[in-house]
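Visitor: Here the sequence shown is numbered in our numbering, starting from 4 and rising by one per residue.
Note that beta-carbon positions come from the ideal geometry of N, C-alpha and C, so glycine has one too.
On a predicted model such as this, the values are computed, not experimentally measured, just so you know.
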Amino acid sequence: MEQPLHKTMVDPMLAEMGRNLNDAMKILENGQKEADEDSGHRRPSWRDIPGPLQGDGQDVSSILQLVQNLMHDDEDKQSHRMQYVGEQGHMALLGHSLAAYISVLDRDRLRKLTTRILSDTTLWLCRLFRYENGSVYYHEDDREGLVKVCRLVINARYEEYSTEGFTALSSKQPVIYQSAACRSGLGQHLCSQLGLPLSSLCTVPCNTMFGSQHQIDVALLDKLIKEDVDMGKVPLLLIANAGTPGAGHTDKLGRLKELCVQYNIWLHVEGVNLATLALGQVTSPVMAATKSDSMTLTPGPWLGLPAVPAVTLYRHEDPALSLAAGLTSSQPVEKLRALPLWLSLQYLGHDGIVQRIKNATQLSQQLLEHLKTLALIKTSVEDELNSPVVVFRFSQDTSAASSGGSLEGYFPGEKEVQDALNRWLGEELAQQVPSSGVDVVELEDEGTCVRFNPLMTAAVLGTQESDIKALVEKLTDMVPLLSSTLRFRQDFREEIHHQAALTYIEDLSWPGLGAIRYEPQCEQDDDNKRQQDVERINGDMLKKLMELDADISFSTGPEFGDETNCIYVGLATEDLDVAELVQTIAATGRDLEESGKLLENMTEVVRKGILEAEAQLQKANEEKLMEEGVLRQIPLVGSVLNWFSPTQMSIKGQTFSLVAGSLDSTESTYAMKTQTGTTPDTPTSTGKRLPGQKLFRRSAAGSDTYSETSSVGQAEEMPRETTPMPPASEEGVTEPPQEELATSDSSLPEVQRQPDGQESEVDSIR
Numbered sequence: 004m005e006q007p008l009h010k011t012m013v014d015p016m017l018a019e020m021g022r023n024l025n026d027a028m029k030i031l032e033n034g035q036k037e038a039d040e041d042s043g044h045r046r047p048s049w050r051d052i053p054g055p056l057q058g059d060g061q062d063v064s065s066i067l068q069l070v071q072n073l074m075h076d077d078e079d080k081q082s083h084r085m086q087y088v089g090e091q092g093h094m095a096l097l098g099h100s101l102a103a104y105i106s107v108l109d110r111d112r113l114r115k116l117t118t119r120i121l122s123d124t125t126l127w128l129c130r131l132f133r134y135e136n137g138s139v140y141y142h143e144d145d146r147e148g149l150v151k152v153c154r155l156v157i158n159a160r161y162e163e164y165s166t167e168g169f170t171a172l173s174s175k176q177p178v179i180y181q182s183a184a185c186r187s188g189l190g191q192h193l194c195s196q197l198g199l200p201l202s203s204l205c206t207v208p209c210n211t212m213f214g215s216q217h218q219i220d221v222a223l224l225d226k227l228i229k230e231d232v233d234m235g236k237v238p239l240l241l242i243a244n245a246g247t248p249g250a251g252h253t254d255k256l257g258r259l260k261e262l263c264v265q266y267n268i269w270l271h272v273e274g275v276n277l278a279t280l281a282l283g284q285v286t287s288p289v290m291a292a293t294k295s296d297s298m299t300l301t302p303g304p305w306l307g308l309p310a311v312p313a314v315t316l317y318r319h320e321d322p323a324l325s326l327a328a329g330l331t332s333s334q335p336v337e338k339l340r341a342l343p344l345w346l347s348l349q350y351l352g353h354d355g356i357v358q359r360i361k362n363a364t365q366l367s368q369q370l371l372e373h374l375k376t377l378a379l380i381k382t383s384v385e386d387e388l389n390s391p392v393v394v395f396r397f398s399q400d401t402s403a404a405s406s407g408g409s410l411e412g413y414f415p416g417e418k419e420v421q422d423a424l425n426r427w428l429g430e431e432l433a434q435q436v437p438s439s440g441v442d443v444v445e446l447e448d449e450g451t452c453v454r455f456n457p458l459m460t461a462a463v464l465g466t467q468e469s470d471i472k473a474l475v476e477k478l479t480d481m482v483p484l485l486s487s488t489l490r491f492r493q494d495f496r497e498e499i500h501h502q503a504a505l506t507y508i509e510d511l512s513w514p515g516l517g518a519i520r521y522e523p524q525c526e527q528d529d530d531n532k533r534q535q536d537v538e539r540i541n542g543d544m545l546k547k548l549m550e551l552d553a554d555i556s557f558s559t560g561p562e563f564g565d566e567t568n569c570i571y572v573g574l575a576t577e578d579l580d581v582a583e584l585v586q587t588i589a590a591t592g593r594d595l596e597e598s599g600k601l602l603e604n605m606t607e608v609v610r611k612g613i614l615e616a617e618a619q620l621q622k623a624n625e626e627k628l629m630e631e632g633v634l635r636q637i638p639l640v641g642s643v644l645n646w647f648s649p650t651q652m653s654i655k656g657q658t659f660s661l662v663a664g665s666l667d668s669t670e671s672t673y674a675m676k677t678q679t680g681t682t683p684d685t686p687t688s689t690g691k692r693l694p695g696q697k698l699f700r701r702s703a704a705g706s707d708t709y710s711e712t713s714s715v716g717q718a719e720e721m722p723r724e725t726t727p728m729p730p731a732s733e734e735g736v737t738e739p740p741q742e743e744l745a746t747s748d749s750s751l752p753e754v755q756r757q758p759d760g761q762e763s764e765v766d767s768i769r
């Protein structure tokens, strides 16, 4: 008896295909590890340069090595993050290879195989997501299913559309309704693909008076539909959300379904919350999605499956219209799109699929419980106990937390400043805990928020409970910084206004205390020269401030900011001394401005001094000639004369003082054997810090009105007044250096042990 074909040929080929895929994945994954471990830059190779196709060909390992080099290029290594690909991911990738191999089978065997794959996958998906009697369309672009559904509805509502085309729509314009919370560009994409004008798109606002601020306004939708019907338009389709793209909110799908039945409108639902339909317990708003006419699922990110298609489930009784709309195809190769998903679902099994979705929802609840215990963190989801998306933001009422209170806490642009701080918070959390998958989202009412959407990221990034704990720890450390920065921002602005040379630059998008610019106080008529001085001083100020040992940061600000020649001051700690910070910045600018003036003046002084020195040297040469006589200037005669009768001349050198800008005689220098024009000592700063203490910090033990430097300075001045002085010398009372006071311990006790009633030498000196 002849063995079946799949027993003699297909099995060895499939086994070899699986081995080749595993070997290729190992090579590429090892290349990722080597790229992460290699801290240096790979030198460009001649293989990186495009060239002609080699005549003798290359082996598989060489080609994979080239792919590895292209995947892990050093230029984008810092910002590149590979998706976590487990064994279930290998099954999905194997499906693409199998689809290419199966496509070469004979037509009858191919039709039988694709029918089985399509029917199995349709049955599994409809049972998993509680969608009874549904059909499935697989597509690469997650918007393509909605486009085909719209085409199906147009063919169903306009009988002449298949023959007359757009002229059938001209008499009764179709209308597509979408929520204002839908993803941006979706309605425009539909109109462009269907050839409809933008006037066919109606965006329904969310609730503005009652209910949720992110759910479609059902009453307003009813009113808009009635107006369109009265105008002779055809309400065609409504796009609702079971998890908005921004914050994961779910529309009132039950009421929307009733409205759609009343006006014969097709209801399409999409959103991340549809994944929870696979769980044992489902909330009633999401459960209502199972009664919709169609819905789009994205099992790839939900289950961590790479390169699997999106799925649109729909219900329609006429297969001819589905074929005309492109939802079904008579080509067997088209049906092979479901093969990667067919393999992956079998590998995971029902329990594995449910467990992955359940794990994502549990991560959301764990994070939400931690956020409830953090002060100044506000969550913004209506159904918080059941939503798999967590959206939170830093929020502080500055009216109660202002340190100065001069303007009652509120300042212009407070909301924009908090948005900037939340944007920084989200970016820092995503960078420090990349496995958490958090990102920044802009909501219309709340503003800038941080979003945690584990259904879209947990399976892909491999998020664990430890990542949630790390995320909460980082958030706990960052909130005090944001709070103190918001409190000190107004104080910083007021302190800047007290400094004549400093200008406060208003930049509400900067997550820090603010931006400043030092303006030179000298009057100059040349605007270009003044602009150069501003640029030079602020640039040098930034370098000096960045060298300070302080917790606060200084930078040039955003890369593409509007302001130039500014110094941006970063986040502030709770013990920041704002007054000392501003005074230090102003003093640094004044020092740089004065040093610049001194350099300019010194240039002119040196030039005049050189001219005067040349004149003095010429005069000295003439005097020397007159004193020595003419005979001594003759080379041979002068040498003999100097031998027998050497001249006795006084040294009349001169020195040029940069401080005074004048020529001085060196007679006193050579006479006293010392330099009399010494530079005075630079006065030291009176501010003192404790060992290990950084700049701009207030004293923890003292009052808030005194800085740390002033308290330490007073403590050091007290023993200095009670320190005994050494005996006076005969020539006068002179105070020896501190080193001599420290070493002359033998003399100090003798002065202090004077009998009572006798005046000590120190007292007599005083």
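Per DSSP, which one or two residues make a beta bridge with Trp-269?
Guide: Taking the first residue of the sequence shown as position 1, residue 269 is located at position 266. In the DSSP output, where bridge partners are listed per residue, Trp-269 has Leu-240.
Visitor: Checking 8 Å against the spacing of the C-beta atoms, do Tyr-141 and Arg-340 come in under that value?
Guide: As a first step, residue 141 is located in the sequence shown; it is residue number 138 there, counting from the start. As a first step, residue 340 is located in the sequence shown; it is residue number 337 there, counting from the start. Cβ atoms of Tyr-141 and Arg-340: closer than 8 Å.
Visitor: Closer than 6 Å by C-beta to Gly-307: which residues in its own chain qualify, once you throw out the five before and the five after it? Chain order, please.
Guide: Numbered from its first residue, the sequence shown carries residue 307 at position 304. Result list for Gly-307: Ala-462, Val-463, in chain order.
Visitor: Does the segment 250 to 259 come close enough to the segment 285 to 296 that 3 or more CB-CB pairs lie under 8 Å?
Guide: yes
Visitor: Using DSSP with H/G/I as helix, E/B as strand and the rest coil, what is Arg-700?
Guide: Taking the first residue of the sequence shown as 1, we reach residue 700 at position 697. Arg-700: strand per DSSP, three-state reduction.
Visitor: Rank Gly-251, His-501, Asp-109, Glu-596 by C-alpha distance to the C-alpha of Val-585 and give the top, closest one.
Guide: Here residue 585 corresponds to residue number 582 of the sequence shown, with the count starting at 1. With distances taken between Cα atoms, Val-585 lies closest to His-501.
Visitor: Using the Cβ count rule (16 or more neighbours within 10 Å means buried), how would you classify Thr-117?
Guide: Taking the sequence shown and counting its residues from 1, one reaches residue 117 at position 114. It is buried - the Cβ of Thr-117 has at least 16 other Cβ atoms within 10 Å.
Visitor: Which whole runs of the beta strand (DSSP E) in the segment 112 to 172 are 3 residues long or more, in chain order?
Guide: 138 to 142
Visitor: Suppose you measure from the CA of Phe-491 to the CA of Val-393; what does that come to, to the nearest Å?
Guide: Start at 1 with the first residue of the sequence shown, and residue 491 comes out as number 488. Start at 1 with the first residue of the sequence shown, and residue 393 comes out as number 390. Taking the straight line joining both Cα atoms gives about 30 Å.
Visitor: What whole-angstrom Cβ distance do His-271 and Leu-197 have, given they're in contact under 8 Å?
Guide: Working through the sequence shown from its first residue, we reach residue 271 at position 268. Working through the sequence shown from its first residue, we reach residue 197 at position 194. Their Cβ separation, rounded to whole angstroms, is 14 Å, which puts His-271 and Leu-197 out of contact at 8 Å.
Visitor: The beta strand (DSSP E) that contains Glu-445, what's its start and end?
Guide: As a first step, residue 445 is located in the sequence shown; it is residue number 442 there, counting from the start. Looking at the DSSP string, the run of the beta strand (DSSP E) that includes Glu-445 is 442 to 446.
Visitor: May I have the straight-line CA-CA distance separating Glu-468 from Trp-127, to the nearest angstrom?
Guide: Residue 468 sits at position 465 when you count from the first residue of the sequence shown. Residue 127 sits at position 124 when you count from the first residue of the sequence shown. Spanning the alpha carbons of Glu-468 and Trp-127 requires a straight line of approximately 30 Å.
Visitor: Return the bridge partner residues of Ala-278 from the DSSP annotation.
Guide: Along the sequence shown, one-based indexing puts residue 278 at 275. In the DSSP output, where bridge partners are listed per residue, Ala-278 has none listed.
Visitor: Rank Val-336, Gly-352, Arg-359, Glu-617 by C-alpha distance to the C-alpha of Met-459 and give the top, closest one.
Guide: Position 456 of the sequence shown holds residue 459. Comparing Cα positions, the closest option is Arg-359.
Visitor: If we count Cβ pairs, one from each stretch, closer than 8 Å, do we get three or more for the segment 182 to 193 versus the segment 231 to 245?
Guide: Under the Cβ criterion (8 Å, minimum of three pairs), the segment 182 to 193 counts as touching the segment 231 to 245.
Visitor: From which residue to which residue does the alpha helix (DSSP H) around Pro-304 run?
Guide: For the purposes of this step, residue 304 is identified with residue 301 of the sequence shown, where counting begins at 1. Residues 302 to 306.
Visitor: Taking only three categories from DSSP, how would you classify Gln-284?
Guide: As a working mapping, residue 284 is identified with position 281 in the sequence shown. Here Gln-284 sits in coil by DSSP.
Visitor: Can you tell me which of the three DSSP states Ile-228 falls into?
Guide: Translated into the one-based positions of the sequence shown, residue 228 becomes position 225. Residue state, collapsed to three classes: helix.
Visitor: Express the C-alpha separation of Thr-170 and Gln-334 in angstroms, rounding to a whole number.
Guide: On the sequence shown, position 331 is the one that residue 334 refers to. On the sequence shown, position 167 is the one that residue 170 refers to. Whole-angstrom Cα-Cα distance: 30 Å.
Visitor: Where does the unbroken alpha helix (DSSP H) through Gly-463 begin, and where does it stop?
Guide: Locating residue 463 in the sequence shown gives position 460, where the first residue counts as 1. Reading off the sequence shown, one finds Val at residue 463, where the question assumed Gly. Taken as a continuous stretch (DSSP letters only), the alpha helix (DSSP H) holding Val-463 covers 457 to 464.
Visitor: Taking 7 Å as the limit between beta carbons, can you name the residues of its chain near Glu-625, skipping five residues before and five after?
Guide: Within the sequence shown, residue 625 is the residue found at index 622, counting from 1. Residues of the same chain with a CB within less than 7 Å of the CB of Glu-625, apart from the 5 flanking positions on each side, do not exist.
Visitor: Which residue comes first and which comes last in the beta strand (DSSP E) that contains Val-394?
Guide: Along the sequence shown, read from residue 1 onward, the residue named residue 394 stands at position 391. Element bounds for Val-394: 393 to 397.
Visitor: Just reading off the beta strand (DSSP E) that Ile-471 is part of, what are its end residues?
Guide: Here residue 471 refers to the residue found at position 468 when the sequence shown is read from its first residue. From DSSP, Ile-471 is part of no beta strand (DSSP E) but of the alpha helix (DSSP H) over 468 to 500.
Visitor: Are the Cβ atoms of Lys-381 and Ser-398 separated by less than 8 Å?
Guide: Position 378 of the sequence shown, counting from 1, holds the residue named residue 381. Position 395 of the sequence shown, counting from 1, holds the residue named residue 398. Going by C-beta atoms, Lys-381 is nearer than 8 Å to Ser-398.
Visitor: Taking Arg-773 as the reference, give the member of Leu-300, Gln-216, Asp-530, Cys-209 with the closest Cα.
Guide: Outside the displayed span of the chain (4 to 769) sits residue 773, for which this structure offers no information.
Visitor: Of the choices Gly-612, Leu-548, Thr-559, whose alpha-carbon is the least far from that of Ala-518?
Guide: Mapped onto the sequence shown, residue 518 falls at position 515. The candidate whose alpha carbon is nearest that of Ala-518 is Thr-559.
Visitor: Between which two residues does the beta strand (DSSP E) harbouring Ser-182 extend?
Guide: Working through the sequence shown from its first residue, we reach residue 182 at position 179. Where Ser-182 is concerned, the enclosing beta strand (DSSP E) stretches over 177 to 182.
Visitor: Per DSSP, what kind of secondary structure is Met-549 in: helix, strand or coil?
Guide: As a working mapping, residue 549 is identified with position 546 in the sequence shown. Helix, per DSSP.
Visitor: Does DSSP classify Ala-616 as helix, strand or coil?
Guide: On the sequence shown, residue 616 is found 613 positions in, with the first residue counted as 1. In the structure shown, Ala-616 sits in a helix (DSSP, three-state: H, G or I).
Visitor: Report the CB separation of Pro-312 from Val-237 in whole angstroms; it is logged as a contact under 8 Å.
Guide: Locating residue 312 in the sequence shown gives position 309, counting from the first residue. Locating residue 237 in the sequence shown gives position 234, counting from the first residue. No, Pro-312 and Val-237 are not in contact; Cβ-Cβ is about 31 Å, not under 8 Å.
Visitor: The alpha helix (DSSP H) spanning Val-3 covers which residue range?
Guide: The structure shown does not extend to residue 3, since the chain spans only 4 to 769, so no value can be given for it.
Visitor: Pick from Pro-302, Ser-65, Glu-498: whose alpha carbon is nearest that of Val-581?
Guide: Counted from its first residue, the sequence shown places residue 581 at position 578. If we check each option's Cα against that of Val-581, Glu-498 comes out closest.
Visitor: Here's the rule I'm using: 16 or more other beta-carbon atoms within 10 Å means buried, otherwise exposed. How should Ser-486 be labelled?
Guide: Translated into positions along the sequence shown, residue 486 becomes position 483. Per the 10 Å Cβ criterion, buried.
Visitor: Who are Arg-520's beta bridge partners in DSSP?
Guide: Taking the sequence shown and counting its residues from 1, the one referred to as residue 520 is at position 517. Answer by DSSP bridge pairing, in chain order: Thr-506.
Visitor: Pop quiz: Cys-205 and Leu-227 are said to be a contact at Cβ under 8 Å. What is the actual Cβ separation, rounded to whole angstroms?
Guide: Within the sequence shown, residue 205 is the residue found at index 202, counting from 1. Within the sequence shown, residue 227 is the residue found at index 224, counting from 1. About 6 Å separates the two Cβ atoms, so the contact holds.
Visitor: For a test of the three-state rule: what should DSSP assign to Leu-316, helix, strand or coil?
Guide: Taking the first residue of the sequence shown as 1, we reach residue 316 at position 313. It is a strand residue.
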